[in-house]
Amino acid sequence: MAGHSKWKNIRIRKGKQDAIRGKLFTKLAREIIVAAKLGGGDPEKNPRLRVAIEKAKESSLPKENIERAIARGSGQVEGADYEEITYEGVGPGGVAFMVECYSENRNRTVSDLRHAFSKNGGEMSPNGSVAWQFKRCGQIVVLADGVDEDELTMAALEGGAEDVRPEDGAFIIETAPESLHTCLVEVEKAGFSAKEADLTRIPTNHADLSEDDMRKTIRLMDAIDDLDDVKETFINVDIPESLLQEA
Numbered sequence: 125m126a127g128h129s130k131w132k133n134i135r136i137r138k139g140k141q142d143a144i145r146g147k148l149f150t151k152l153a154r155e156i157i158v159a160a161k162l163g164g165g166d167p168e169k170n171p172r173l174r175v176a177i178e179k180a181k182e183s184s185l186p187k188e189n190i191e192r193a194i195a196r197g198s199g200q201v202e203g204a205d206y207e208e209i210t211y212e213g214v215g216p217g218g219v220a221f222m223v224e225c226y227s228e229n230r231n232r233t234v235s236d237l238r239h240a241f242s243k244n245g246g247e248m249s250p251n252g253s254v255a256w257q258f259k260r261c262g263q264i265v266v267l268a269d270g271v272d273e274d275e276l277t278m279a280a281l282e283g284g285a286e287d288v289r290p291e292d293g294a295f296i297i298e299t300a301p302e303s304l305h306t307c308l309v310e311v312e313k314a315g316f317s318a319k320e321a322d323l324t325r326i327p328t329n330h331a332d333l334s335e336d337d338m339r340k341t342i343r344l345m346d347a348i349d350d351l352d353d354v355k356e357t358f359i360n361v362d363i364p365e366s367l368l369q370e371a
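Under our numbering, the first residue of the sequence shown is numbered 125, with each subsequent residue one higher.
Dropping the structure here:
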């Protein structure tokens, strides 16, 4: 499943992103900038920033880049003013796309996205045209190794979690959007470390595609994910891992 489960999406596509280190570093730095802008530059008081920094360190983003991104986001130094924007589109076979971006130039971002869609059998669509096919929620990923499921579940529920389930060697904690950071604080307070923590979109209405359209959808996803301004892409179709791995 691609775009359906954020954890699977990250795991499957990480190798491709790592191969383009410059683009990966750009996206990691923008996440830090936006996290610091929204919640302040102190990672001890800003769970989203703390997770963003950990992701950056795991991908070997240099320490000075991390510090510069925090300073820019918290307003200590001048820099581009990134904002979070979500765009919608329709791909091959009618699959719905939700594309989350960090941008300091909306015109450039829209132009790049429109080109990616049109070149790969899709088209951008008006706001609200496909968003109804997704549920907006918070998601926290805790690696399962050495974790007591009952203790984690209790901590997550204490923080307002709606669901805790095992998936692909990890526990996925689902929350209401407004409860994400409260839940993350409770989970970490209980001694658990989050691998991922972010808002996500879970499909509630699934498209049924032919194998040919699935391959076209993968090409479109790759074209979109290659754009510097794109943070995350979500689709409403289940794609077998075998097709993802061969892409």
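The beta carbon of each residue, even a glycine, is placed where N, CA and C say it ideally should be. Computed from a prediction, not measured in an experiment: that's the story for all the values here.
Q.
Looking at the secondary structure, which residues open and close the beta strand (DSSP E) in which A240 lies?
A. Translated into positions along the sequence shown, residue 240 becomes position 116. Where A240 is concerned, there is no enclosing beta strand (DSSP E), although the alpha helix (DSSP H) it sits in stretches over 230–243.
Q: Would you identify the three-state DSSP class for T299, choosing helix, strand or coil?
A: In the sequence shown, counting from the first residue as 1, residue 299 sits at position 175. Correct three-state label for T299: strand.
Q: Work out the CA separation of M222 and V158 for me, nearest whole Å.
A: Along the sequence shown, one-based indexing puts residue 158 at 34. Along the sequence shown, one-based indexing puts residue 222 at 98. Whole-angstrom Cα-Cα distance: 19 Å.
Q.
Can you tell me whether L333 is buried or exposed? The criterion is at least 16 other CB atoms within 10 Å of its CB, across all chains shown.
A. Counting from 1 along the sequence shown, the entry for residue 333 is found at position 209. With 16 or more Cβ atoms within 10 Å of its Cβ, L333 is classed as buried.
(Q) Our contact map puts E228 next to Y206 with C-beta atoms below 8 Å; I'd like the distance itself, whole angstroms only. (A) Position 104 of the sequence shown, counted from the first residue, corresponds to residue 228. Position 82 of the sequence shown, counted from the first residue, corresponds to residue 206. The Cβ separation is near 5 Å, so the contact holds.
Q: Out of H330, I348, I177, point me to the one whose CA is closest to G218's CA.
A: The residue labelled residue 218 in the question sits at position 94 within the sequence shown. Comparing Cα-Cα distances from G218 to each of H330, I348, I177, the minimum goes to H330.
Q) Where R232 and E224 are concerned, what is the direct C-alpha to C-alpha distance, given to the nearest angstrom? A) Translated into the one-based positions of the sequence shown, residue 232 becomes position 108. Translated into the one-based positions of the sequence shown, residue 224 becomes position 100. R232 and E224: Cα-Cα distance of roughly 15 Å.
Q | Span of the beta strand (DSSP E), counted from its first residue to its last, around E188 | A | Residue numbering aside, residue 188 sits at position 64 when the sequence shown is read from its first letter. From DSSP, E188 is part of no beta strand (DSSP E) but of the alpha helix (DSSP H) over 187–197.
Q. Of all the alpha helix (DSSP H) runs that stay within the bounds of the segment 296–344, which reach a length of 4 or more residues?
A. 304–313
Q. Looking at the structure shown, is K349 part of a helix, part of a strand, or coil, going by DSSP?
A. By one-based count along the sequence shown, residue 349 stands at place 225. Rather than Lys, the amino acid found at residue 349 in this sequence is Asp. Here D349 sits in helix by DSSP.
Q) If you draw a straight line from the C-alpha of E286 to the C-alpha of R154, how long is it? A) In the sequence shown, the residue the question calls residue 286 occupies position 162. In the sequence shown, the residue the question calls residue 154 occupies position 30. Roughly 29 Å separates the two Cα atoms.
Q. Should Q257 go down as buried or exposed, given a rule of 16 or more other Cβ atoms within 10 Å for buried?
A. Numbered from its first residue, the sequence shown carries residue 257 at position 133. Classification of Q257: buried, given that the 10 Å Cβ count is 16 or more.
Q: Find the nearest neighbour of E302 within the set R260, V265, R289, judged by alpha-carbon distance.
A: Position 178 of the sequence shown, counted from the start, is the residue given in the question as residue 302. Closest option to E302, Cα to Cα, is R260.
Q: Starting from V361, follow the alpha helix (DSSP H) in both directions and report where the run begins and ends.
A: Position 237 of the sequence shown, counting from 1, holds the residue named residue 361. V361 -> no alpha helix (DSSP H), and no H or E assigned at all.
**Q.** One or two residues paired with D287 in a DSSP bridge
**A.** Residue numbering aside, residue 287 sits at position 163 when the sequence shown is read from its first letter. E298.
**Q.** Beta-carbon spacing of F149, L173 below 9 Å
**A.** Walking along the sequence shown from the start, residue 149 turns up at place 25. Walking along the sequence shown from the start, residue 173 turns up at place 49. Not closer than 9 Å, so no.
Q: May I ask you to report which of helix, strand or coil DSSP gives Q396?
A: Past the boundaries of the shown model lies residue 396; the chain is included only from 125 to 371, so the question cannot be answered.
Q: Go to V214, then tell me how far its beta strand (DSSP E) extends in each direction, as first and last residue.
A: As a position in the sequence shown, residue 214 is number 90, starting the count at 1. Unbroken beta strand (DSSP E) run through V214: 207–214.
Q: Taking 9 Å as the cut-off, decide whether the C-beta atoms of G283 and V266 are in contact.
A: Position 159 of the sequence shown, counted from the first residue, corresponds to residue 283. Position 142 of the sequence shown, counted from the first residue, corresponds to residue 266. Going by C-beta atoms, G283 is not nearer than 9 Å to V266.
Q | Exposure of V201, with buried meaning 16 or more beta-carbon neighbours within 10 Å | A | For the purposes of this step, residue 201 is taken as residue 77 along the sequence shown, with counting starting at 1. Exposed, by the Cβ-count rule.
Q) Along the chain, where does the beta strand (DSSP E) that runs through I224 open and close? A) As a position in the sequence shown, residue 224 is number 100, starting the count at 1. The question names Ile, yet the displayed sequence has Glu at residue 224. E224 -> beta strand (DSSP E) spans 220–227.
**Q.** Bridge partner(s) assigned by DSSP for L281
**A.** The sequence position of residue 281 within the sequence shown is 157, counting from 1. Answer is none; L281 lacks a bridge partner.
Q | beta strand (DSSP E) segment containing E247, residue limits | A | Along the sequence shown, one-based indexing puts residue 247 at 123. First-last of the beta strand (DSSP E) with E247: 247–249.
Q) Expressed to the nearest angstrom, what Euclidean distance is found between the alpha-carbon atoms of S249 and V214? A) The residue labelled residue 249 in the question sits at position 125 within the sequence shown. The residue labelled residue 214 in the question sits at position 90 within the sequence shown. Cα to Cα, the separation comes out at about 7 Å.
**Q.** I348 and A240 closer than 9 Å at C-beta
**A.** The sequence position of residue 348 within the sequence shown is 224, counting from 1. The sequence position of residue 240 within the sequence shown is 116, counting from 1. Yes, the Cβ-Cβ distance between I348 and A240 is below 9 Å.
Q: Assuming E275 contacts A220 (C-beta within less than 8 Å), just tell me the rounded distance between them.
A: Residue 275 sits at position 151 when you count from the first residue of the sequence shown. Residue 220 sits at position 96 when you count from the first residue of the sequence shown. Their Cβ separation, rounded to whole angstroms, is 37 Å, which puts E275 and A220 out of contact at 8 Å.
Q: With DSSP collapsed to three states, give me the class of G252.
A: Against the sequence shown, residue 252 aligns to sequence position 128. Note: G252 maps to coil in three-state DSSP.
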